[in-house]
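Residue numbers (our numbering), protein chains in the order written: chain A, 500 to 874; chain B, 500 to 874; chain C, 500 to 874; chain D, 500 to 874.
There are 4 protein chains.
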Amino acid sequence: MSTRKFRFGMVGGGEGAFIGQVHRIAAELDGEAELVCGAFASNPERSRRSGQSLYRLHADRCYDNYEALFQLEANRADAMDFVVIATPNHTHYSIARAALEGGFHVVCDKPLAMSVLEGEQLQNVVKASGLKFALTHNYTGYPMVREARSLVNSGVLGKIRRVSCEYLQGWLHERAPDDNKQAAWRTDPARSGAAGCFGDIGSHAENLTRFITGLEIESLAADLTAFVPGRLLDDDGNVLLRFKGGAKGVISASQIAVGKENDLSIQVYGETGGLEWRQSDANSLIVRWPDKPYEVRRTGWAGTSPESQAASRIPPGHPEGYLEGFAELYRNFYKDLSDDGGDYPNLDDGIAGMRFIESVVESTKQNSAWVDLAS
Amino acid sequence: MSTRKFRFGMVGGGEGAFIGQVHRIAAELDGEAELVCGAFASNPERSRRSGQSLYRLHADRCYDNYEALFQLEANRADAMDFVVIATPNHTHYSIARAALEGGFHVVCDKPLAMSVLEGEQLQNVVKASGLKFALTHNYTGYPMVREARSLVNSGVLGKIRRVSCEYLQGWLHERAPDDNKQAAWRTDPARSGAAGCFGDIGSHAENLTRFITGLEIESLAADLTAFVPGRLLDDDGNVLLRFKGGAKGVISASQIAVGKENDLSIQVYGETGGLEWRQSDANSLIVRWPDKPYEVRRTGWAGTSPESQAASRIPPGHPEGYLEGFAELYRNFYKDLSDDGGDYPNLDDGIAGMRFIESVVESTKQNSAWVDLAS
Amino acid sequence: MSTRKFRFGMVGGGEGAFIGQVHRIAAELDGEAELVCGAFASNPERSRRSGQSLYRLHADRCYDNYEALFQLEANRADAMDFVVIATPNHTHYSIARAALEGGFHVVCDKPLAMSVLEGEQLQNVVKASGLKFALTHNYTGYPMVREARSLVNSGVLGKIRRVSCEYLQGWLHERAPDDNKQAAWRTDPARSGAAGCFGDIGSHAENLTRFITGLEIESLAADLTAFVPGRLLDDDGNVLLRFKGGAKGVISASQIAVGKENDLSIQVYGETGGLEWRQSDANSLIVRWPDKPYEVRRTGWAGTSPESQAASRIPPGHPEGYLEGFAELYRNFYKDLSDDGGDYPNLDDGIAGMRFIESVVESTKQNSAWVDLAS
Amino acid sequence: MSTRKFRFGMVGGGEGAFIGQVHRIAAELDGEAELVCGAFASNPERSRRSGQSLYRLHADRCYDNYEALFQLEANRADAMDFVVIATPNHTHYSIARAALEGGFHVVCDKPLAMSVLEGEQLQNVVKASGLKFALTHNYTGYPMVREARSLVNSGVLGKIRRVSCEYLQGWLHERAPDDNKQAAWRTDPARSGAAGCFGDIGSHAENLTRFITGLEIESLAADLTAFVPGRLLDDDGNVLLRFKGGAKGVISASQIAVGKENDLSIQVYGETGGLEWRQSDANSLIVRWPDKPYEVRRTGWAGTSPESQAASRIPPGHPEGYLEGFAELYRNFYKDLSDDGGDYPNLDDGIAGMRFIESVVESTKQNSAWVDLAS
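Encoded structure:
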């Protein structure tokens with residue numbers, strides 16, 4: 500017999516917010532869930548209009564605000580099962596908290612919150628509730644990122660020594676037009692938090708590093724900069740890393756790298772092998788050895804791990820992209836909703852991310868002194 | 500107010516057929532349609548099981564066969580609007596014809612039919628019915644393929660002189676295991692038609708050439724080969740092309756190119772510029788000029804045509820892949836269903852494809868003599 | 500004790516001819532030979548000026564013409580050991596013949612001559628004289644091209660089935676200015692022979708195919724075209740190939756591929772593996788397998804054959820280019836001069852090349868009919 | 500009339516030292532100079548054997564040691580004009596000083612010396628003597644590196660904000676065999692100086708940054724590491740950079756990046772454009788803009804600067820590599836010897852390099868504190 504699809508709502512993701520459609524597509528891609536309701540904008544009228552025109556929802560499930568969403572959905576027989584939070588950073592905590600208290604599972608955009616403290620409080624609420632919580636560090640959903648993790652875990656690269664991760668964009672290389680909503684909140688401390696570029700994309704780099712290597716950052720020394728005149732938050736930075744166990748590394752992120760689209764890449768070197776992955780060629784993983792030609796592992800191809808093959812949907816050579824990687828998080832979240840495991844970024848990752856962000860800001864304030872990330 | 504989604508059914512696409520999920524994902528990706536019914540396998544039991552387990556459909560809309568599908572759906576108030584035909588080649592014609600006669604729009608896998616004649620008969624039925632008919636030459640949905648066409652059309656490359664298109668796979672380099680359904684029908688003349696590799700992927704190369712350049716093949720000289728012992732249909736071939744207007748070119752396709760995944764590429768050279776696209780780097784289009792550095796146009800980036808930008812969904816640098824390209828065909832098909840235009844491969848393309856296939860087979864029989872493709 | 504360097508002279512290579520310096524650099528690169536004399540231009544004054552200014556030679560070893568060169572050098576105690584022929588195609592035969600008759604070894608630019616017949620006559624002279632004769636199919640000197648040959652020879656790719664080789668340039672996409680000497684003779688039937696693009700670069704493609712695979716072309720069907728108005732020789736073409744033993748393939752060459760610099764590439768597929776090489780990334784050889792990730796062999800790196808390692812001079816990762824590849828031919832020629840073997844293109848290759856050129860011209864005349872290359 | 504070639508000698512470069520042949524080839528490549536003498540090893544017997552067998556020199560110009568070389572050559576009518584110093588780092592200073600005092604121009608391997616102080620003393624000697632001094636930061640000889648500098652200088656990229664340069668090798672990822680001479684001195688503080696990886700290749704990265712951007716490092720914070728057990732010098736490190744004028748950046752270098760051959764790359768971002776160069780694709784320079792497709796400038800192709808075109812020797816598409824880049828330094832050095840300008844790394848670069856090396860070591864000792872590089 501057929502099983503019903505999961506039902507979900509969305510907070511944010513209204514007109515002008517590209518990430519709303521990304522969530523909708525990714526969440527529905529595998530046919531396991533459907534968007535049924537939401538509070539899509541802070542303005543009730545815009546919320547309703549967005550829900551109807553962007554998502555073809557009935558007016559009665561387009562709510563005025565997230566409080567109404569959680570309250571009224573809870574009363575329905577066909578209530579949503581989980582909520583997707585796709586709003587500016589400073590609102591994640593309150594909305595997530597309200598959702599959990601309303602009894603809904605949560606999928607939340609990163610960064611998790613505005614502080615480690617907020618993150619830990621959410622952790623407590625989640626633990627008490629038994630609800631599930633996913634954080635959308637979506638780059639971990641690419642098959643070849645999972646292949647990379649699998650390689651590290653297998654031990655064939657030996658003990659990891661050197662990690663470098665770079666995330667470069669150019670779209671904020673100058674002051675954005677006032678009507679650019681994406682730019683507006685990302686460069687506003689009140690809505691984005693203490694970090695700009697590092698809250699937005701630096702935290703993805705940190706999470707990718709963590710995901711693939713499994714290493715914990717012990718301490719870091721950062722030099723963040725706001726290059727664009729008048730900008731209050733960093734738009735560029737480089738961070739030296741020391742990991743527990745002795746590995747070293749560097750994370751760079753920038754939003755003033757003119758002409759760079761969304762260039763996330765990582766290199767990992769162990770005692771006996773190395774790997775390299777770049778989102779712009781997402782279906783390839785370069786693996787290097789001391790004593791033979793380097794190899795290129797490809798999504799779904801022979802010789803890749805079951806773990807990465809499970810994250811692919813179509814035959815090798817049919818490129819899978821950003822949306823499929825994003826969908827992989829949802830697919831694993833659904834597994835977990837069915838109590839069947841599920842491999843996706845969670846609150847531990849979110850709290851680690853908050854700690855990273857707080858630490859790079861703190862180190863920058865201290866003229867790049869080493870800051871410990873004691874957990 | 501919100502508009503309802505289009506409803507569609509599927510013929511084929513049951514267990515073991517990867518293309519069924521591709522259609523389902525692509526058709527639903529933009530939130531404009533939903534799969535509601537189907538006849539997913541020739542065996543009624545498997546059809547029902549597939550519909551329920553793969554697509555979460557209710558048993559009463561999983562039909563025993565396509566005849567039942569068309570007949571019973573026609574009686575429902577919530578009947579499907581169109582049907583997707585995802586079956587082996589030899590059945591396309593009959594199913595498409597039945598669907599059209601049942602009053603349903605059609606999205607049909609390529610190649611269109613088993614002969615030019617069948618294609619022309621379908622053309623007649625479509626014209627008489629006023630129904631819409633799309634053929635899934637999905638590679639035309641990539642934004643950078645549309646950018647390529649736009650460049651040619653703009654005239655900046657000058658009159659086109661040389662075109663080469665290559666489509667290489669390796670998966671049939673040896674006799675496939677008997678339980679490989681994908682391989683089984685593709686190498687069986689009864690189900691695949693007179694051409695193997697050229698029916699399957701050579702026709703994609705022909706269509707891509709046609710789509711980007713707008714040129715009509717005037718005549719061709721082909722040398723197809725079946726390399727794998729015991730194989731009855733070509734698994735490799737090269738074709739010389741002469742286009743109306745004087746351009747020349749070559750199409751190569753192979754399924755015995757060991758280690759090649761699904762490597763489709765095209766080069767077009769005009770009097771004043773050239774372009775190069777490769778599916779494995781689908782979001783880049785290389786454009787070459789005589790007197791300045793070559794440029795790389797990227798999906799969604801500044802400097803690309805409105806036509807290609809319209810075929811993208813997410814910001815530049817977020818790779819879009821095979822599924823999104825496939826979805827672009829559906830998006831355009833839906834536009835057309837709403838009588839709002841729509842730019843997708845149709846019966847003209849299908850008939851041109853059949854003519855190409857027939858001609859390469861004919862030329863091979865005649866020891867590579869030139870065969871005219873008079874229309 | 501130290502050994503003296505070989506001494507060589509040059510015919511051609513005067514002012515305005517880039518290939519003269521290429522020969523001088525390549526021949527001297529490994530410190531085994533030095534240019535000591537020459538007849539650098541058909542005009543005695545220019546010959547002398549070129550020899551003195553371009554090559555820093557004494558006036559008394561800059562000769563009026565090649566006849567004088569061979570005659571006067573033969574009388575010197577410190578006479579040249581061999582001569583390099585770097586003149587337009589139509590003169591190769593006469594000069595080579597005169598050099599051999601004068602008792603000098605020869606290094607000759609390709610194509611060898613203006614006909615198979617001329618080639619065979621040179622072959623006879625060489626055999627009678629016991630002198631050495633090298634033909635500068637320089638692309639065979641790249642370490643990764645030698646790696647490719649070694650792979651084929653080792654048998655790991657299985658029996659070869661499919662070969663495609665493409666050589667695209669754009670520099671003749673329009674009529675060249677009258678003072679472009681390079682273009683002038685290459686597009687002049689009197690000086691270039693019956694083929695233009697195919698005599699110039701198509702023959703390199705043929706030789707590369709022959710070198711790597713060891714296969715003999717049994718028959719071919721060609722369609723050559725002169726696209727640029729007023730041009731008398733082909734500037735573009737595609738050729739279907741059938742090899743002895745059953746392999747098939749295609750060679751394409753063009754000089755009107757706008758924006759292409761000098762893009763030579765080859766793909767070879769056997770029953771159990773495939774390879775791909777491209778001159779623009781000359782130090783990489785892609786090797787593909789059915790059942791594991793593809794590998795990239797790199798000049799000098801672990802896992803490459805002794806044969807290719809012997810063709811490299813510097814540690815891996817220090818790119819070696821065109822001049823080093825060219826020098827590899829000379830290095831092997833010197834080995835042979837010392838009667839120590841030597842692996843370089845010779846008169847057999849030259850005659851095969853002439854037969855290829857004659858055949859593509861013949862097939863084109865016969866509307867692409869298959870032409871046998873019986874040897 | 501012809502001009503005589505420059506004559507040069509070499510110190511070091513004997514058996515087992517690949518860099519000796521690199522110098523010989525590069526210095527002679529353009530036909531402007533010839534090796535005539537040398538002291539090729541610290542052992543007189545090996546010196547003589549190397550000179551005769553590797554370089555085909557007469558025994559009487561293979562000297563016992565560099566003192567003899569300078570003294571005896573000075574007395575010859577056909578004395579060498581300049582000397583190439585290709586010895587381990589700790590001997591550069593003494594040999595260079597002796598050469599200058601003997602009246603010979605100098606081409607010296609990098610790093611210049613063992614300290615800034617030594618560098619400044621050499622500077623004084625050079626200034627007093629009027630002799631020429633070149634330092635072989637050879638990567639500055641690549642045409643596309645010169646194109647990059649030209650782009651920055653032209654101002655089209657705007658004021659530079661962000662620079663990152665990475666130089667990764669893997670060959671020292673484990674303890675080298677005892678008989679590996681290359682590894683032995685590079686990992687020995689007595690012969691290599693206070694820095695290992697950063698003295699060897701980090702200083703190339705610093706110089707490339709300096710060459711392309713023209714920026715001076717104001718201060719740096721470094722974290723160098725010796726990963727391989729028992730190793731006394733760094734084999735890996737990352738350095739935060741602050742440049743005069745406000746730009747920021749990072750330099751990474753490693754010799755334990757398993758499988759990396761010799762991967763030097765640099766990215767530079769200004770207010771209005773960015774560029775990217777990678778030695779493994781040395782003939783391409785990627786240039787990015789905010790509002791149009793990115794472009795790839797290619798060695799010698801239309802649209803590149805006269806400055807970079809002057810650094811090329813052969814037509815576009817004929818790859819030029821490491822040896823040609825190295826030769827470009829010599830070509831410029833010869834220009835300068837003829838008092839005709841000449842654009843090559845000199846003692847200013849060498850002293851800046853020594854200051855960089857001293858500072859990264861100092862900062863590492865101080866737990867990555869910022870160290871000023873006041874000049």
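Think of the CB as a built atom: it goes at the ideal place given N, C-alpha and C, for glycine as much as any other residue.
Asked: Nearest-angstrom Cα separation, counted from residue 758 of chain B out to residue 785 of chain C; Found: 10 Å
Asked: In chain order, each beta strand (DSSP E) run of at least 3 residues that lies wholly inside the stretch 541-588 of chain A; Found: 581-585
Asked: Chain A contact residues for residue 596 of chain D, given Cβ-Cβ distances below 7 Å; Found: In chain order: nothing, as chain A lies at least about 38 Å away.
Asked: Three or more C-beta pairs below 8 Å linking the stretch 649-656 of chain A and the stretch 768-781 of chain A; Found: yes
Asked: Contacts around residue 511 of chain C, its chain only, beta-carbon distance under 6 Å, and the 5 residues preceding and following it disregarded; Found: 585, 586
Asked: Reduced DSSP category for residue 713 of chain C - H, G, I as helix; E, B as strand; rest coil; Found: coil
Asked: Rounded distance between the beta-carbons of residue 856 of chain A and residue 713 of chain A, thought under 8 Å; Found: Going by Cβ atoms, the distance from residue 713 of chain A to residue 856 of chain A rounds to 20 Å, so no, they are not a contact pair.
Asked: Residue 509 of chain C: first and last residue of the uninterrupted beta strand (DSSP E) it sits in; Found: 505-511
Asked: Reduced DSSP secondary structure (H/G/I, E/B, other) of residue 776 of chain A; Found: strand
Asked: Pairwise C-alpha distance: residue 600 of chain C and residue 486 of chain C; Found: Past the boundaries of the shown model lies residue 486 of chain C; chain C is included only from 500 to 874, so the question cannot be answered.
Asked: Exposure of residue 627 of chain C, with buried meaning 16 or more beta-carbon neighbours within 10 Å; Found: exposed
Asked: Same chain, Cβ closer than 6 Å to residue 861 of chain A, neighbours up to 5 away in sequence not counted; Found: 870
Asked: Residue 780 of chain D: contacting residues in chain B (beta-carbon distance under 9 Å); Found: Within chain B, no residue comes near residue 780 of chain D; the closest Cβ sits about 13 Å away, beyond 9 Å.
Asked: Three-state class that DSSP yields for residue 791 of chain A in the structure shown; Found: coil
Asked: Cβ-based burial, residue 828 of chain D [other Cβ within 10 Å; buried from 16]; Found: buried
Asked: Local conformation of residue 845 of chain D per DSSP, three classes; Found: coil
Asked: Presumed contact (8 Å Cβ cut-off) between residue 637 of chain C and residue 824 of chain C, rounded CB distance; Found: 6 Å
Asked: Beta bridge counterpart(s) of residue 768 of chain C as assigned by DSSP; Found: C:661, C:773
Asked: Touching by the beta-carbon criterion (3+ pairs, under 8 Å), the stretch 699-706 of chain B and the stretch 664-671 of chain B; Found: yes
Asked: 8 Å CB neighbourhood of residue 845 of chain C in its chain, flanking five on each side removed; Found: 632, 633, 634
Asked: Where residue 755 of chain B meets chain C, residues with beta-carbon distance less than 7 Å; Found: 660, 661, 768
Asked: Residue 536 of chain C to residue 832 of chain C span [Cα, whole Å]; Found: 19 Å
Asked: CB contact below 8 Å: residue 822 of chain D versus chain C; Found: yes
Asked: Nearest neighbour of residue 791 of chain A, chosen from C:795, C:640, C:689, C:707 [CA to CA]; Found: C:795
Asked: Host alpha helix (DSSP H) of residue 524 of chain D (start-end); Found: 517-527
Asked: Chain A within 8 Å of residue 794 of chain C, Cβ atoms only; Found: yes
Asked: Backbone secondary structure at residue 797 of chain D - three-state DSSP; Found: strand
Asked: Contacts of residue 797 of chain A in chain C (Cβ-Cβ under 7 Å); Found: 792
Asked: Burial state of residue 609 of chain C, where buried means 16 or more other Cβ atoms lie within 10 Å; Found: buried
Asked: Inter-residue spacing [alpha-carbon to alpha-carbon] between residue 766 of chain B and residue 867 of chain B; Found: 23 Å
Asked: For residue 500 of chain A, the three-state DSSP class (helix, strand or coil); Found: Low per-residue confidence applies at residue 500 of chain A: pLDDT is 46, beneath 50, and the placement is therefore not dependable, though the value from the model is reported in the following sentence. Correct three-state label for residue 500 of chain A: coil.
Asked: Helix, strand or coil at residue 666 of chain B [DSSP, three-state]; Found: strand
Asked: Near-chain E residues of the stretch 713-737 of chain D - C-beta to any C-beta below 7 Å; Found: The chain labelled as chain E is not found among the protein chains of the depicted structure, namely A, B, C and D.
Asked: Inter-residue spacing [alpha-carbon to alpha-carbon] between residue 516 of chain B and residue 779 of chain C; Found: 40 Å
Asked: Residue 863 of chain B versus residue 851 of chain B: straight-line alpha-carbon distance, rounded; Found: 18 Å
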